[in-house]
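Heads up: the sequence shown runs through residues 325 to 415, numbered per this note's numbering. All residues carry an ideal CB built from backbone N, CA and C; glycine is no exception. A quick note: this is a predicted structure, and the numbers were derived from the prediction, not measured. Only one structure is covered here, and it is reproduced in the block below.
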Amino acid sequence: MAKPQRQQKQKSKHSTDARQAVARQIHATKKRSKAQAKISKSQVADVTDQINGEFAQVQSFYVRAEQMVPANTPSLPESSVQDLADVMKGL
Numbered sequence: 325m326a327k328p329q330r331q332q333k334q335k336s337k338h339s340t341d342a343r344q345a346v347a348r349q350i351h352a353t354k355k356r357s358k359a360q361a362k363i364s365k366s367q368v369a370d371v372t373d374q375i376n377g378e379f380a381q382v383q384s385f386y387v388r389a390e391q392m393v394p395a396n397t398p399s400l401p402e403s404s405v406q407d408l409a410d411v412m413k414g415l
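Rendered as structure tokens:
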């Protein structure tokens with residue numbers, strides 16, 4: 325017994341047009357969002373300058389902190405170090 329063949333449904337013109345219209349809207353929305361996501365070279369330069377400025381500001385804090393710490397720490401006289409060593413040996 326042969327299977328009856330299905331007849332293909334014919335798509336209505338209305339549903340095809342509606343789907344195509346929705347697809348066009350989605351495509352247009354994607355194009356708009358991509359265009360908004362792109363930034364110009366001048367915007368990149370501005371952001372780079374801002375980041376470099378903030379980095380220089382942070383670096384200046386570290387330089388100031390290093391300058392505050394005295395470079396030459398006072399050293400103990402050798403005799404007091406020897407005295408301390410003698411005391412430690414006695415313990």
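Tell me the DSSP secondary structure of Gln-329 in three-state form. To locate residue 329, count along the sequence shown from 1; it is residue 5. Gln-329 falls in the coil class under three-state DSSP.
Tell me where the alpha helix (DSSP H) around Leu-408 begins and ends. Numbered from 1 along the sequence shown, position 84 holds the residue referred to as residue 408. Its alpha helix (DSSP H) spans residues 402-414.
Note down the Cα distance separating His-351 from Ala-359, rounded to an integer number of angstroms. For this step, residue 351 is matched to residue 27 along the sequence shown. For this step, residue 359 is matched to residue 35 along the sequence shown. Going by the C-alpha atoms only, they are around 12 Å apart.
Between which two residues does the alpha helix (DSSP H) containing Ile-363 stretch? For the purposes of this step, residue 363 is identified with residue 39 of the sequence shown, where counting begins at 1. Neither: Ile-363 is in no alpha helix (DSSP H) and is coded neither H nor E.
Grouping DSSP H, G and I as helix and E and B as strand, with all else coil, what is Ser-339? For the purposes of this step, residue 339 is taken as the residue at position 15 of the sequence shown. In the three-state reduction of the DSSP assignment, Ser-339 falls in the helix class.
What separation, rounded to the nearest whole angstrom, lies between the Cα atoms of Ala-369 and Gln-383? Counting from 1 along the sequence shown, the entry for residue 369 is found at position 45. Counting from 1 along the sequence shown, the entry for residue 383 is found at position 59. The alpha-carbon separation between Ala-369 and Gln-383 amounts to approximately 21 Å.
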